[in-house]
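Respectively, the protein sequence lines represent chains L, R, W, Z, Y and S. Number 90 in our numbering belongs to position 90 of the first sequence; there are no gaps in the numbering. Number 144 in our numbering belongs to position 144 of the second sequence; there are no gaps in the numbering. Number 77 in our numbering belongs to position 77 of the third sequence; there are no gaps in the numbering. Number 42 in our numbering belongs to position 42 of the fourth sequence; there are no gaps in the numbering. Number 136 in our numbering belongs to position 136 of the fifth sequence; there are no gaps in the numbering. Number 196 in our numbering belongs to position 196 of the sixth sequence; there are no gaps in the numbering. Data first, discussion second: the structure below is written as C-alpha cells.
Protein chains: 6
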Amino acid sequence: MTYGTRIATAIAVIALGIPAVSHAQLFTLTREQMIELTAQNPFDRFPDGRPKVPDGLIERTRGLSAEEVFAVLPGKNFRNQFADGFQILHPGRRLVGRAFTVQFMPLRPDLDGVVNARAKAAGFERMTNQTAIDMLQPGDVLVVDLFGQGENGTIVGDNLFYYIMKATKSGGLVVDGAIRDLDGIAEMEMPAYFRHTHPSAIGNVMISGINIPVRIGNTTVMPGDLVFGDSEGVYFIPPALVQQVVDNADTIHIHDEWTRKKFDEGKYKSSEIYGSPKDPALKKEYDDYLKKRLEEIRKTYK
Amino acid sequence: MTYGTRIATAIAVIALGIPAVSHAQLFTLTREQMIELTAQNPFDRFPDGRPKVPDGLIERTRGLSAEEVFAVLPGKNFRNQFADGFQILHPGRRLVGRAFTVQFMPLRPDLDGVVNARAKAAGFERMTNQTAIDMLQPGDVLVVDLFGQGENGTIVGDNLFYYIMKATKSGGLVVDGAIRDLDGIAEMEMPAYFRHTHPSAIGNVMISGINIPVRIGNTTVMPGDLVFGDSEGVYFIPPALVQQVVDNADTIHIHDEWTRKKFDEGKYKSSEIYGSPKDPALKKEYDDYLKKRLEEIRKTYK
Amino acid sequence: MTYGTRIATAIAVIALGIPAVSHAQLFTLTREQMIELTAQNPFDRFPDGRPKVPDGLIERTRGLSAEEVFAVLPGKNFRNQFADGFQILHPGRRLVGRAFTVQFMPLRPDLDGVVNARAKAAGFERMTNQTAIDMLQPGDVLVVDLFGQGENGTIVGDNLFYYIMKATKSGGLVVDGAIRDLDGIAEMEMPAYFRHTHPSAIGNVMISGINIPVRIGNTTVMPGDLVFGDSEGVYFIPPALVQQVVDNADTIHIHDEWTRKKFDEGKYKSSEIYGSPKDPALKKEYDDYLKKRLEEIRKTYK
Amino acid sequence: MTYGTRIATAIAVIALGIPAVSHAQLFTLTREQMIELTAQNPFDRFPDGRPKVPDGLIERTRGLSAEEVFAVLPGKNFRNQFADGFQILHPGRRLVGRAFTVQFMPLRPDLDGVVNARAKAAGFERMTNQTAIDMLQPGDVLVVDLFGQGENGTIVGDNLFYYIMKATKSGGLVVDGAIRDLDGIAEMEMPAYFRHTHPSAIGNVMISGINIPVRIGNTTVMPGDLVFGDSEGVYFIPPALVQQVVDNADTIHIHDEWTRKKFDEGKYKSSEIYGSPKDPALKKEYDDYLKKRLEEIRKTYK
Amino acid sequence: MTYGTRIATAIAVIALGIPAVSHAQLFTLTREQMIELTAQNPFDRFPDGRPKVPDGLIERTRGLSAEEVFAVLPGKNFRNQFADGFQILHPGRRLVGRAFTVQFMPLRPDLDGVVNARAKAAGFERMTNQTAIDMLQPGDVLVVDLFGQGENGTIVGDNLFYYIMKATKSGGLVVDGAIRDLDGIAEMEMPAYFRHTHPSAIGNVMISGINIPVRIGNTTVMPGDLVFGDSEGVYFIPPALVQQVVDNADTIHIHDEWTRKKFDEGKYKSSEIYGSPKDPALKKEYDDYLKKRLEEIRKTYK
Amino acid sequence: MTYGTRIATAIAVIALGIPAVSHAQLFTLTREQMIELTAQNPFDRFPDGRPKVPDGLIERTRGLSAEEVFAVLPGKNFRNQFADGFQILHPGRRLVGRAFTVQFMPLRPDLDGVVNARAKAAGFERMTNQTAIDMLQPGDVLVVDLFGQGENGTIVGDNLFYYIMKATKSGGLVVDGAIRDLDGIAEMEMPAYFRHTHPSAIGNVMISGINIPVRIGNTTVMPGDLVFGDSEGVYFIPPALVQQVVDNADTIHIHDEWTRKKFDEGKYKSSEIYGSPKDPALKKEYDDYLKKRLEEIRKTYK
C-alpha cells in the first residue's frame, strides 16, 4: 500500500467515524466534530472538516500588522489570540496561512502504546512528527504545542523543514518548542517561529492530537485559524473574523497615509491630527480622502 | 431535576456513548475510551471507567517519599511523572489519592459556546469549575491544568476548597495555576499544591476537558493515577505500578533502618555500609535483617 | 535645637508652604498639595494634610482578606492596588495601617546635593532613611520604593526596625527592596513585606520624596492609603473606599458562614449553594440569615 | 486657541509659578525648580529651564562608545548612569540627544482626576502621551518610564513614532516599556531603545510627570541629560560632564589607533603595548603620537 | 585493607607528594600546597594542611549574624564571601564549622577515567561523593560545588545526610546543587543550605577536586574557611579574620543592647541615638556602657 | 628580558616541573599532567602538552553543524559537551579552533596574593587576563570561565579583541562572561560567543587557572578540545572523536543532498524517504548514491 493509498484510507476511516480514530484528544476529530467545533466558519472546508480560509483573503492578510488584527479581535471578545516571546527566523517576512495543529505531551509508555495502536489500525507504522507533517497541504502553517521544550523538543531539522516548505508552499511553522539545524534552516525562505534551538533530535514526547484545539502560550488555536505572524509575534485569527480584519485594515492603512502626509506638512501638533483630526475642516478632508482611497483599493480586490 | 438526578443522567449519557458527550477533548471520555486509555489498570473502576486504586494501597502509599517512587518508575520507562516547583500548603503532610483531572484553556468565545452547548445538552446550566468539582468522589485529588496562570487562574477560594475537602474526605488539590483566600485555606487540613495565589476570581479561561489526560509541568497525568505529594513535589503513579512501588518501599525502609543502625555504631565509613555492605558478613547480616523485617511488616498488611 | 524642635519647625515650614520644601518629588508635598491630591478623603487629616483613616476602621480591617478588598476595588476602577511577590516576615499576621511613603532613586551626586541642601535648610543634618523614619506616627505603615534592590537596598536592620515598631506601635513595613538582620528582625512582632534580605547597609541611593505618590510593583500608593497585607500580598486602599470595603466584608463573612454550614450538612452539590443558592427556599433562608447576622455584627461596631 | 498659543500659555503658567502646576511629580517643574535641580549645567537652557547641551557637542558625542563614557563618569561618582537590557531598533546607529523625560504610573482614578484637572487648567484637553510628545524639540530624546510594561505599556505606534522623528529631527526614544507597530517602526531611521513590543495600545497608566527626574533601570535621568546609546545600552550624561567625556574620548581614540598600529606590526605581546607601553622608548613614541594627533583632531572642532 | 588503613595510606601518599595525587584540580592539594595557599592562617592545621579554626572561636561565632561578618570583611577587601539564594533547612538555626570543599564538573568519560585511575592508585574503589564524605571530621561543613544542578545534582539523600551529621557532629552542608529525601532530612537537626530538591540520585557528574578552592555563587571558598550561615545566607570567613569578626561582634551586640534600651525610653528620635549618639553626654554614656559590658563578656571567654 | 624570553623561560619552568608552577588549579598543568589528562589524544601536542588537532581537520570541521557533532558525541557517552545561551557576534560564521582555557574566580585577596607571587616567580609582572592572552597561538579559541558575570566580567574590549584576532589568526572567543566595546568588536571578523556586554572593565576577579579543565555552562572543556560554534551554540569536541565526527558528517551531508533531491521530485511523503527510505529500491538508490558521493568527497581530502 503506497503512502497515498494509506492516507486516503485514513481519511476515509476518519470520514466514516470509525471508533479507532474518533477520540479527539489522542488522535484527531471526526469531520462532524470538526464542523461542530468550528461552526462559525463562513468558508469552505477541507475533506476532514477543517475550515479553508480562501487564498484571496490569505494574500490580503499579508499586508497587515499585528496591530491591525488587535484592532478587531479584542472588541469581539477574542482576547487570547496573540502569542509572543518567539525567536523569529525571518523577522522581516510575514507569516500567513491556515493552522494545522499538533499537540505533544510528555512521553508515557502506557498512553503512547494506545496512540500507536490506533495509528497502526489506521495504516501508519507508528505515530511520529512525520505522520502529522505528511498530512500538510499548500497554504498550511504547522502549529505545534511542544510545551516549550528545548532539548528533545525539536519538531524538525533542516530536512523536514525543507519538506514542509515544499508541501505547504512556504506556509510556515509555529512551534512552542524548538527546531534543530538552525544554520541550515536559516537559508530557507519559509517563515518560522520557535522558542529554542537545540542540536538534539525530538524525543521523550508523544503525539496526543492532530488538528485538535491546542494551546500556544496564552492562546487557544483551532485547526483552520488564519495564522498571522509579524516581527512582534503571532496572531491566530478565527475564520469568522478574517474578512472584517482585512477590511478594517484598509481603513487603518489609509488613516496612516493621511496622518503622515499631514505630519510631513509640519504645521500640526500630533494631537491636532491623530487619533482623529480635531478641526472640523481637517476631519472632512480626512473623510473625503478615506472614501476616495477606499474605493481605489477595493477596486484592486475584484 | 435535582442536581443528583442531573448528574446521574449525565453519567448514564456517558455510559451510553451518546454523541453529545463523546468528544474527548472538549468534554470527557466515554467509559469505553477511558478503559482503552487505561487498559493496564489492574484494579476496579468507577462507573465512568476511571481506575480505582484500592483504599488499602492508598493508605500504604502515605508512608512513602518521592525517592521511593523514583526508585521504580524511571526503571519502567515512566520518566515524566514527577512535577515540582509548587507552593505547598502543608509541607509536612503527604498528599495521596486518585487523580480527577480537569483541563482549562484560554477563553475563546467560539469554542466556549460549543462547550456550554454540550454542557446544557447534558443537563448542566453551564460548564464551570464547579461542574467538575461537583463530580469529585472520596479519595480523589483534583488535578487541574490552568497553564500556570496566577491572576484569574484561581481554581478555588476558601469556600470551594472547603467543599472539596468535604467531598474528597481531604483528598487534595494539585493546580498548575493558582488559588485565592490563602489565609482561609491555610486553616484547613487538606493538602494542596499550587503555583501562585491571587485575590482575583477565576476568569478568561474555559474548561476543555474533564477526566482526560492532562499535562502538569513536564508530566502527563491520567485520570485514576495515584497522586503522591511530599515536600519535594508531586508524583503521578500509573495504577499498574502502585503495588510494586509500595512493596519496593518496604525494602527501602528496612534498608534505611539497618543503614542508620550501622552508622550509629560509629565503626564504619559510609562506603562500607551504603549503598550495600561490602563485607560479606555484613551483607549476610543485612540480608537476614531484611528478610525478618519484611515478614514482620507484611504481616500488618492483611 | 533638639530633634523635637527641629521636626516641629520642619512641619511648620511645610505648613507655611515655604518654597524650599514645596517641590513634591525631591522632598514632600505642602499641606495644600496633599489635600488637592487626596481630595476624596472623607476622614480627618494629619497636620501635613495626610489622610487619617480612623482607628476604628483600621481595627475592623484587621479581620479581612485580600479577596474582600478585591471584591470592591476593581469595581470602582481601582485595578492597580494589589502588590505581591514579597517575602513576608509573619505570614499568619495581618498588616494594617496608614501609608507613610518614601521614594528612593539611584544615587546621583548632583541631585543628591540638592536634596541635602534642602534638608539642611529645613533643619536636618542630611537626608537619610532615618530622616523619614523619625517622622513616623502610631498606626503608620512605612511604604518604601527602593526599586527592588537587594544589596545596598536595605531600608533597615534590626535596630531601626525596632525603632519603627515602637514608633508606629507595630504598624508595619512594606519595602520594594530589602532588609538586613533578618534573624534579629524575625524575633519582633511587627509585620513586614520585603523583596530580599542582604547583610549590606543601605547605599548608592538617595531619597527623592517623602509622602509623595510612589510605585510599589504595579500599584500606585498615596500617603494615607490604608495598607492591608495578608499572606498573599499587600493592598493599598484609598481612604474613600475603606468604609465600603469593611461593610461589604461583613456580608462576605456571613455568606461564608452560611455556605459552610450548608456544605457541612452534606446534602448539596457546591453549585446548589455557592455562589448563591439556586433554590428559592434556600435563597430566602440565606437572605434571612444574612439580615439577622448583619444586625448582630453591626451592633458590635457602636 | 491654537496649539502654539496653548503651549505658550502653559509655559507662561509654569513660569509664573502658579500653584496648579508647581508640583513636580504630578506635572512638571517650574523654571526655577528646574534650574535649582540642574544647577551644575554649564550651558544655555530652554525657556522652561531645561539644560541645552550645544549642538556641536552632541555631534562630537556621536563618535563615542559606552566605554568612553564609562571612562569618565564613575570616576566622578556618577555610578548609576548606564542602563541596558533593551531591545535596540537599529543596533548599528548611535543615539544622541537631550533627555525629555516622562513618567507614568499605574492608573489610579483619584490621582488621574487631579492630573487631568491640572491639564485642563493649563489648556489641554486631557493629559496623554501626546501631551508630552507635542512638547518635543529638535535634538530631543524622549525618555519614558513606563515601569517595564509590555501589554498596554506601548508609548507609541508607527504614526506617533513618525511624528517624534519629524519633531526631534530623528533625536530618538528610550522607553522602559514597550512600543507597538514594530514592523512599521523598523522602516524609520530614528534610534529607539525599548523593553518589549506588543500590539496593544497604551492603557491602564497615567502620566505623573513631564521633565522631572525619572528612573530608567538603575539610573536616575534628569531632563536635559545628554542621552547616548550604542549597541550595549544607554548612558545618561549630566551636562556638566559632557565636555570632559568627549575630550577624553579623543585621547582614547588615538590610543586605540596607536595600539592597533603596534599590534599590526606583530612584534609585541599585548602586555608590552596595552594598557600603556612598558618600554620607555615606546612610551615616548606613544606620547608624541598622542600629542600630534590631538592637535590634528582639535583643529577640526573650530 | 580496612577503610581506616586505606585512608591513612592515602593521607601518607599525599604527605609524601607522590605524583599520582599531586595534581590539585583533579584530586586534591598536597600538604605543602595547602599551606602555601592558606599561608595567612593563624591557627593549627589538620594533617593534610587544612586550617583548623579552634573550637572556642567556632562556638563564639554561633552567636553572630551575617551583618556582623559584613561589618569586617569588605573593609579588609574580602568583598566576595557571601552567598545567598539558598533553600535553608532550618532557618532558625546557625550553621558554623570548617569548610571541607568538593568540586564536581559535568561528566566527561575521558577525564572521569583519569580521576578514577588516580583514585584506584590511592586505594579507593572509585571516586564518588562517598569518597569525600568519608573524609569528613567533627566540626566540618561539607561545601559542594555542583554548579546549581537540581535533577542529578543531589549530593545526598537522608542516609548519607545522617552519616554526615554523625561524622561532623552536626557540622552542616552547603551545596550549590540539590539534596533528595527532603522529608527524611527535615527531621534531622544538622543545618543545610541547598538550591533545589529532587528525587533523582546524583549522576552525570564527576568529582574534580577535594579540598581545593571552589566557587559557590559569587564567592571563592577555601578549605578551612569558617563557614557561617544564618537565615539570610552563608558567609565563608578566612581563618585570619575570624578573631576580628567575633571580637567586633561583641561591640555590635553591646551597641544593639544600648540602642534598644534607649529606644525603649521613648524619648529619642532614631537619629539622636543611632548610628552613634549625637549628644556628647549620651555619647559618653554609651562609651561607658560599652566598656563595662565588653569587660563582662570577655570574662566569659577564658 | 624580552617578552619572548620570559615566556620561553616560563615554558621551560613548566617543562621542568618546578614546584612554583606545578599546582594545577591556581596556575596551569605541567606537560606530564596535561598528557595524563588528555591521554586519548591521537594527534601531536604543543610544547606544553596541549593536544594539537591538525589544521586539515580543523578546516573540514568548518563545514559542519552542531547536529553533526551531536550525531556522534552522545553515542560515545560524551553527553555534556554542548553549551548554548550565548550572544553570538557573527551568527552566520562558524567558530572552529583549539581550546585555550582560562578560569577566573571571584577575587579573594589572600589567594590572589599567592597567584601573583607564583606569576612573579615565573617572570610575569602579575597575573592578568593579558598574561593568558599573550600565550595564544594561531588556531586557538580562547575559552574563558568568568562564571557568567556581566559588569566587571568583561574579558576584553576592542583593543585586546583585535590582538587576539591577530594572534590566533581569527580563531575565536568563547566567554561565560562578558565583553566590552561591542560596537568596535562587531566590525572585526573573529567569531565570538559571550553572555553579556558591559562598558565596565574586568575587575573583582582573579585568574585561578590557565589551560586546565574548565566548566562552560553544563560542559567540561579540556585544553586542546576542538571548539566548534554555529548559530545554535558551541560544541567542545575531544580530539579523539574529531576524525569520526567529520567522517560521519560527510555521510550526513550526502544523506541531506539525496533527501532533498527526492523531496524536490514531489512524489514522496517525508516518511517514505526520511530518516531512511522504506522502499528497497529507493534504499538501494540511496546506498549507491552515498557510495559514489563519498568517494568523490574523500578524494578532495588528499
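Beta carbons: idealized from backbone N, C-alpha and C, even for Gly. Since we're looking at a predicted model, the values are computed, not measured.
Pair within 9 Å by beta-carbon distance, residue i and residue j
{"i": "Gly139/Z", "j": "Tyr193/Z", "result": "no"}
{"i": "His198/L", "j": "Glu232/L", "result": "no"}
{"i": "Ala119/S", "j": "Leu146/S", "result": "no"}
{"i": "Leu136/L", "j": "Ile155/L", "result": "no"}
{"i": "Val141/W", "j": "Leu73/W", "result": "no"}
{"i": "Pro51/Z", "j": "Arg45/Z", "result": "yes"}
{"i": "Gly153/L", "j": "Gly184/L", "result": "no"}
{"i": "Ile207/R", "j": "Val234/R", "result": "no"}
{"i": "His309/Y", "j": "Gly49/Y", "result": "Nothing about residue 309/Y can be reported from this structure: the residues present for chain Y run from 1 to 302 only."}
{"i": "Ile133/Z", "j": "Leu160/Z", "result": "yes"}
{"i": "Tyr162/W", "j": "Thr259/Y", "result": "yes"}
Beta-carbon proximity list for residue i, same chain, < 8 Å, skipping 5 on both sides
{"i": "Ala240/W", "result": "Gln40, Asn41 and Pro42"}
{"i": "Thr101/L", "result": "Val143, Val144, Asp145, Gly209, Ile210, Asn211, Ile212, Pro213, Val214, Val221, Met222 and Pro223"}
{"i": "Lys283/S", "result": "Ser276 and Pro277"}
Euclidean distance between Cα positions of residue i and residue j
{"i": "Val227/Y", "j": "Val221/Y", "result": "9 Å"}
{"i": "Glu68/Y", "j": "Ala249/Y", "result": "6 Å"}
{"i": "Pro106/L", "j": "Glu36/L", "result": "29 Å"}
{"i": "Asp204/W", "j": "Phe78/Z", "result": "Correcting the residue type first, residue 204/W is Asn in the shown sequence and not Asp. Computed Cα separation, rounded: 10 Å."}
{"i": "Ala303/S", "j": "Met127/S", "result": "Beyond the ends of chain S as shown, which are 1 and 302, falls residue 303/S; an answer cannot be given."}
{"i": "Ile164/Z", "j": "Ala117/W", "result": "37 Å"}
{"i": "His255/L", "j": "Phe70/L", "result": "16 Å"}
{"i": "Ile202/Z", "j": "Gln103/Z", "result": "14 Å"}
{"i": "Gly148/L", "j": "Pro91/R", "result": "29 Å"}
{"i": "Phe263/Y", "j": "Ala167/W", "result": "9 Å"}
Boundaries (first-last residue) of the beta strand (DSSP E) holding residue i
{"i": "Thr101/W", "result": "Leu95 to Pro106"}
{"i": "Ser208/S", "result": "Val205 to Ile210"}
Same chain only: Cβ atoms within 6 Å of residue i, ignoring 5 sequence neighbours per side
{"i": "Asn218/W", "result": "Asn80"}
{"i": "Gly171/R", "result": "Gly97, Gly139, Asp140 and Val141"}
Terminal residues of the alpha helix (DSSP H) in which residue i lies
{"i": "Tyr162/L", "result": "Asp158 to Thr168"}
{"i": "Leu241/R", "result": "Pro239 to Glu265"}
Residues, ordered as in the chain, of the stretch 197-225 of chain L that lie near chain S by beta-carbon distance below 9 Å: Thr197, His198, Pro199, Ser200 and Ala201
The stretch 96-119 of chain R: positions lying closer than 7 Å to chain L by Cβ: Met105, Pro106, Leu107, Arg108, Pro109, Asp110, Leu111 and Val114
Contact set between the stretch 175-194 of chain W and chain Y, restricted to residues whose Cβ is under 8 Å from the partner: Arg180, Asp181, Leu182, Asp183, Gly184 and Ala186
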